[in-house]
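Peer 1: Before I ask anything, here is the structure I am working with.
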Amino acid sequence: MPEPSPARDVADRMVDAASAVLAGLDRDQRALTGWSWSEGSERERRRWFYTPTDHGGLPLAAMTAQQHQRTMKLVASGLSEAGYGTVSTVMGLENVLDRTEGFAGFSFARQRGRDPLQYRLRVFGQPGEREWGWRFGGHHVSLNNLVVDGELVSCTPCFLGADPATSPLLGGAALRPLGAVQDLGRSLARSLDPAQRSRAVLTPRPPVDIVTANRPAVAAGDRVIPLSRLFRERFADPEHERRMDASHETAERHYGITEADRSAVQLRATPQGVPAAALGENQRDLLRALLGCYTGRVPDELAEQEAARYAAGPLLDQVHFAWAGSLEPGKGCYYRLQGPRLLIEYDNTQRHANHAHSVWRDPEGDFGADLLGEHHAAHHD
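Residue numbers (this note's numbering): 31 to 411.
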């Protein structure tokens with residue numbers, strides 16, 4: 031009998047939750063939701079988005095209340111309490127964003143462009159089989175999970191965004207789903223002495239989005255992709271696409287971004303920035319707290335394992351922190367954490383620095399690519 035482990039406990043909860051979802055669907059719903067494990071579905075599994083496009087799968091809007099609840103139970107099975115609270119808040123922000131944009135109506139090829147019910151679930155393979163996985167995504171949420179041999183082996187890419195990044199609440203408070211994710215990064219950047227800062231700051235002008243975008247795999251040389259190319263299909267209305275590209279160009283002009291800036295922030299195989307080995311202990315504490323904003327998204331027992339990896343020692347020493355943009359609160363900023371099996375990006379530049387994107391990736395093993403290769407070699411040759 032397999033040894034108990036946190037990854038196995040989480041996978042067991044996922045099997046129960048996903049099985050309940052699939053059992054409660056009718057034939058047409060199941061055809062949209064459940065995909066057999068095949069070469070074609072594997073290509074689809076590695077497609078992911080963070081824009082308000084069709085993420086693939088059954089949308090919440092097409093579910094009954096009970097189906098919706100079962101879906102959210104599956105989502106919760108892959109997240110910590112804080113992670114689930116953040117995801118739920120990000121989804122609810124669609125109502126706030128709709129108001130910000132004047133309840134504009136039809137957009138993004140659907141009747142309601144900003145819609146908290148346009149989040150979709152797709153399950154790949156049969157829950158409980160040797161290999162299976164699931165994806166949940168919509169605007170500013172992308173969760174990707176793979177289970178192999180009864181253990182959760184991959185949960186990246188994991189993307190969370192917030193638009194607006196800050197919105198007012200009664201009594202003068204503010205709703206900031208990714209507030210600590212930004213504040214800890216800026217605190218670390220501001221703590222750097224001149225020598226450290228000279229290594230960490232790539233450019234005083236931030237990119238207008240995360241650099242790796244929604245690529246299935248990251249690679250040296252990756253640069254920011256214009257907004258119109260981050261959707262599943264080309265727009266039927268060429269004017270819509272033109273406006274999106276124009277907004278990207280306007281944002282770059284606003285920040286005065288040059289070709290030198292694009293080159294400065296492009297992804298490189300050798301991590302850029304200042305390594306944790308060159309930070310003082312208080313700064314390393316800030317770095318560990320910042321890492322926890324990403325590794326803490328997964329269920330608590332797995333988050334504890336991830337945190338332990340970076341508690342001290344050579345793995346933490348190799349994590350590099352890089353910054354671009356302003357050090358002043360309320361101004362556009364970008365940061366990157368890069369190290370062994372780790373790539374984190376945060377960007378808050380759009381909508382006058384009130385539209386945040388954050389992503390946690392494993393450059394070698396996103397979607398469990400490395401483990402699937404090893405597994406196939408061991409079991410299918």
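Using N, Cα and C, we set each Cβ at its ideal position, and we do this for glycine too.
(1) Looking only at DSSP bridge pairs, what is residue 374 linked to?
(2) In the DSSP assignment, what are the bridge partners of residue 181?
(3) With distance defined between alpha-carbon atoms, name the residue in 176, 250, 209, 170 nearest to residue 399.
(4) Please list the terminal residues of the continuous beta strand (DSSP E) segment that includes residue 241.
(5) What number of angstroms, rounded off, separates the C-alpha of residue 351 from the C-alpha of residue 95?
(6) Below 8 Å, how does it come out for the stretch 279 to 287 and the stretch 183 to 194: are there three or more Cβ pairs, yes or no?
(7) Per DSSP, which one or two residues make a beta bridge with residue 166?
(8) So, does the stretch 334 to 341 touch the stretch 357 to 365, judging by three or more C-beta pairs under 8 Å?
(9) For residue 261, which residues in the same chain have their Cβ closer than 6 Å to its Cβ, ignoring the five residues on either side in sequence?
(10) According to DSSP, what are the bridge partners of residue 190?
(11) So the alpha helix (DSSP H) residue 37 belongs to, where does it begin and stop?
(12) Name the one or two DSSP bridge partners that residue 350 has.
(13) Are there three or more Cβ pairs, one per stretch, closer than 8 Å when the stretch 213 to 224 is compared with the stretch 145 to 162?
(14) Does the beta-carbon of residue 125 have 16 or more other beta-carbons within 10 angstroms, so that it is buried, or is it exposed?
(15) What three-state label does DSSP hand residue 202 in the structure shown?
(16) Looking at residue 395 and residue 184, is the spacing between their C-beta atoms short of 9 Å?
(17) Whole angstroms is fine: what's the gap from residue 166's alpha carbon to residue 304's?
(18) Quick check: what's the CA-CA separation for residue 411 versus residue 33?
(19) Check the DSSP bridge columns for residue 140 and list the partner residues they point to.
(20) Reducing DSSP to helix, strand and coil, say where residue 81 ends up.
(21) In its own chain, which residues sit with a C-beta less than 7 Å from the C-beta of residue 339, not counting the 5 before and 5 after it?
(22) Looking only at DSSP bridge pairs, what is residue 111 linked to?
(23) Output the distance between the C-alpha atoms of residue 317 and residue 189, rounded to the nearest integer angstrom.
(24) Measure the C-alpha to C-alpha separation of residue 249 and residue 380 and round it to an integer number of angstroms.
(25) Is the stretch 200 to 207 close to the stretch 57 to 69, with three or more CB pairs under 8 Å?
(26) Given a cut-off of 9 Å, decide if residue 170 and residue 382 are closer than it, judged by their beta-carbon atoms.
(27) Check whether the stretch 360 to 380 touches the stretch 231 to 249, taking contact to mean three or more Cβ pairs, one atom from each stretch, closer than 8 Å.
(28) With DSSP as the reference, label residue 233 as helix, strand or coil.
(29) So residue 54 and residue 129 are in contact, right, with Cβ under 8 Å, and what is the actual spacing, rounded?
(30) Using the DSSP secondary-structure output, state which residues sit across from residue 260 in a beta bridge.
(31) Report yes if the CB atom of residue 113 is closer than 9 Å to the CB atom of residue 376, and no otherwise.
(32) Per DSSP, what kind of secondary structure is residue 88 in: helix, strand or coil?
(33) The alpha helix (DSSP H) that contains residue 334, what's its start and end?
(34) Would residue 265 and residue 172 be called neighbours here (beta carbons separated by less than 9 Å)?
Peer 2: Let me lay it out:
(1) Taking the sequence shown and counting its residues from 1, one reaches residue 374 at position 344. DSSP, once it has assigned bridges, lists 367, 390 as partnering residue 374.
(2) The sequence position of residue 181 within the sequence shown is 151, counting from 1. Residue 181 is bridged to 178.
(3) In the sequence shown, residue 399 corresponds to position 369, counting from 1. Relative to the Cα of residue 399, the nearest Cα in the group 176, 250, 209, 170 belongs to 176.
(4) For the purposes of this step, residue 241 is identified with residue 211 of the sequence shown, where counting begins at 1. According to the DSSP assignment, residue 241 belongs to no beta strand (DSSP E), since it is labelled neither H nor E.
(5) Walking along the sequence shown from the start, residue 351 turns up at place 321. Walking along the sequence shown from the start, residue 95 turns up at place 65. Distance between the alpha carbons of residue 351 and residue 95 is about 44 Å.
(6) Short answer: they don't touch.
(7) Counting from 1 along the sequence shown, the entry for residue 166 is found at position 136. Beta-bridge partners assigned by DSSP to residue 166: 151, 173.
(8) Taking a cut-off of 8 Å for Cβ pairs, the stretch 334 to 341 and the stretch 357 to 365 do not touch, as fewer than three such pairs fall below it.
(9) Translated into the one-based positions of the sequence shown, residue 261 becomes position 231. Excluding sequence neighbours, residue 261 sits near 81, 83.
(10) As a first step, residue 190 is located in the sequence shown; it is residue number 160 there, counting from the start. DSSP lists 171, 388 as partners of residue 190.
(11) Here the question's residue 37 lines up with position 7 in the sequence shown. First-last of the alpha helix (DSSP H) with residue 37: 36 to 53.
(12) Position 320 of the sequence shown holds residue 350. Note: residue 350 sits in a beta bridge opposite 305, 368.
(13) No, the stretch 213 to 224 is not in contact with the stretch 145 to 162.
(14) The residue you call residue 125 lines up with position 95 of the sequence shown. Under this definition residue 125 is an exposed residue.
(15) In the sequence shown, the residue the question calls residue 202 occupies position 172. In the structure shown, residue 202 sits in a helix (DSSP, three-state: H, G or I).
(16) Walking along the sequence shown from the start, residue 184 turns up at place 154. Walking along the sequence shown from the start, residue 395 turns up at place 365. With a cutoff of 9 Å on beta-carbon distance, residue 184 and residue 395 are scored as near each other.
(17) Taking the sequence shown and counting its residues from 1, the one referred to as residue 166 is at position 136. Taking the sequence shown and counting its residues from 1, the one referred to as residue 304 is at position 274. Those two C-alpha atoms are separated by around 34 Å.
(18) Stepping through the sequence shown from its first residue, residue 411 is reached at position 381. Stepping through the sequence shown from its first residue, residue 33 is reached at position 3. In this prediction, residue 411 scores a pLDDT of 49, lower than 50, which makes its location untrustworthy; the coordinate-derived value is nonetheless stated afterwards. Whole-angstrom Cα-Cα distance: 26 Å.
(19) Here residue 140 refers to the residue found at position 110 of the sequence shown. Beta-bridge analysis with DSSP links residue 140 to 137.
(20) For this step, residue 81 is matched to residue 51 along the sequence shown. Looking at residue 81 - three-state DSSP - the assignment turns out to be coil, as it is neither helix nor strand.
(21) Indexing the sequence shown from 1 puts residue 339 at position 309. Result list for residue 339: 345, in chain order.
(22) One-based indexing of the sequence shown puts residue 111 at position 81. According to DSSP, residue 111 bridges with nothing at all.
(23) Here the question's residue 317 lines up with position 287 in the sequence shown. Here the question's residue 189 lines up with position 159 in the sequence shown. When rounded, the distance between both Cα atoms is 19 Å.
(24) Here residue 249 is taken as the residue at index 219 of the sequence shown, counted from 1. Here residue 380 is taken as the residue at index 350 of the sequence shown, counted from 1. Roughly 24 Å between the two C-alpha positions.
(25) No, they do not touch.
(26) In the sequence shown, counting from the first residue as 1, residue 382 sits at position 352. In the sequence shown, counting from the first residue as 1, residue 170 sits at position 140. No, the pair does not count as a contact, with Cβ atoms beyond the cut-off.
(27) For the pair of segments examined, the stretch 360 to 380 was found to touch the stretch 231 to 249: the number of CB pairs separated by less than 8 Å reaches three.
(28) Position 203 of the sequence shown holds residue 233. It is a strand residue.
(29) Sequence index remark: in the sequence shown, residue 54 carries index 24 (1-based). Sequence index remark: in the sequence shown, residue 129 carries index 99 (1-based). Wrong, their Cβ atoms sit about 33 Å apart, outside the cutoff.
(30) Against the sequence shown, residue 260 aligns to sequence position 230. The bridge partners DSSP lists for residue 260 come to none.
(31) As a first step, residue 113 must be located in the sequence shown, where it is residue number 83. As a first step, residue 376 must be located in the sequence shown, where it is residue number 346. Going by beta carbons, residue 113 and residue 376 fall outside the 9 Å limit.
(32) If you number the sequence shown from 1, residue 88 lands on position 58. Correct three-state label for residue 88: strand.
(33) Translated into positions along the sequence shown, residue 334 becomes position 304. Per DSSP, the continuous alpha helix (DSSP H) segment holding residue 334 begins and ends at 330 to 339.
(34) In the sequence shown, counting from the first residue as 1, residue 265 sits at position 235. In the sequence shown, counting from the first residue as 1, residue 172 sits at position 142. No, Cβ-Cβ distance for residue 265 and residue 172 is not below 9 Å.
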